[in-house]
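Colleague: In our numbering, the protein residues as written are 120 to 369.
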Ligand SMILES: [Fe+2]
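1) In the structure shown, what three-state DSSP assignment does residue 364 receive?
2) Whether or not the region 242-259 and the region 174-185 are in contact is what I'm after, with contact meaning three or more pairs of Cβ atoms, one per stretch, closer than 8 Å; do they touch?
3) Starting from the Cα of residue 346, find the closest Cα among 121, 310 and 180 and give me that residue.
4) Check whether the region 200-214 and the region 278-291 are in contact - that is, three or more C-beta pairs closer than 8 Å.
5) How about residue 238: is its Cβ closer than 7 Å to a heavy atom in ligand 1?
6) Quick check on residue 320: buried or exposed, where buried means 16 or more other Cβ atoms within 10 Å of its Cβ?
7) So residue 265 and residue 222 are supposed to be a Cβ contact under 8 Å. How far apart are they, rounded?
8) Under the three-state reduction of DSSP, which class applies to residue 215: helix, strand or coil?
9) Taking residue 334 as part of the alpha helix (DSSP H), name the residues at either end of that continuous run.
10) Hey, could you find the ends of the alpha helix (DSSP H) residue 179 is sitting in?
11) Where does the unbroken beta strand (DSSP E) through residue 201 begin, and where does it stop?
12) Who are the near neighbours of residue 312 in its chain, counting only those whose CB is closer than 6 Å to its CB and skipping five residues on each side?
13) Does the region 285-304 come within contact of the region 157-168, defined as at least 3 CB pairs closer than 8 Å?
14) By DSSP, does residue 248 sit in helix, in strand, or in coil?
15) Excluding the five sequence neighbours on either side, which residues of its own chain have a C-beta within less than 7 Å of the C-beta of residue 218, listed in chain order?
16) For ligand 1, is there any heavy atom lying closer than 7 Å to the beta carbon of residue 159?
17) Have a look at 269, 178, 229 and 289 and flag the residue whose alpha-carbon is nearest the alpha-carbon of residue 350.
18) Can you tell me whether DSSP reads residue 303 as helix, strand or coil?
19) Pull up the distance between the alpha-carbon of residue 322 and that of residue 164, whole angstroms please.
20) What does residue 238 pair with, by DSSP beta-bridge criteria?
21) Can you look up residue 341 in the DSSP assignment and give me helix, strand or coil?
22) Looking at C-alpha atoms only, which residue of 201, 275 and 252 is the closest neighbour of residue 236?
23) Residue 133 lies in the beta strand (DSSP E); which residues open and close that run?
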């Protein structure tokens, strides 16, 4: 990630805000909830202004002809945008190491929807002082996943979330919003505009995880298959996890 993150100079950022939520579920459900976006359009109205749920899988059969055409156009836009960003010196293509590896990792420069600048209520930058040496707000969202974290690096700010299992039924979700170290609240950025999208999204996800957990601990619960279209990343995650258990003697 060194080359990809260099322009954001995270070492010279500061934490503008931090939140901690204790989700009422185990860490597997917290990660699984994060790895699919089938739930996004019906649960995350704030995030969906800037985030494109199609990026995390869709079932072509469930789309109307109009939506399918839109998905195809979106795919073509990705190819063009990724090529343009890379030609300008910004690594953007997806890199995945999700199974058959000790650490679980994925990165891709994602297109931000709408105004295209940042994950804010109107998709415009929240901070007028950009991160590091960034001079542009149109470089999308450098997304990074691990097996205990997810991150979004945008021109004006970054959102970094890590999860810590507390017990079999509780998981700490800690999120930090990073801005340039010299950015001043009230002058360069509005704290509510900076944080409101992911504050709302995290609350919504906590509710989903709690509901899922109360379902899976019910004696009547029977697991079903993962959707090959919208839950492929969940399958990758549990495959990685089972492999690591085996590699460590379980
Ligand atoms: Fe979510």
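All C-beta atoms, glycine included, are put in the ideal place defined by N, C-alpha and C.
Quick caveat, the model's predicted, so the values are computed rather than measured.
Modeller: Inspection of the coordinates gives the following:
1) helix
2) no
3) 180
4) no
5) no
6) buried
7) 7 Å
8) strand
9) 310-335
10) It is not in any alpha helix (DSSP H) - residue 179 carries neither H nor E in the DSSP assignment.
11) Taken as a continuous stretch (DSSP letters only), residue 201 belongs to no beta strand (DSSP E), being part of the alpha helix (DSSP H) at 184-206.
12) 239 and 245
13) no
14) coil
15) 355, 358, 359 and 362
16) yes
17) 178
18) coil
19) 12 Å
20) DSSP lists no partner for residue 238.
21) coil
22) 275
23) 132-142
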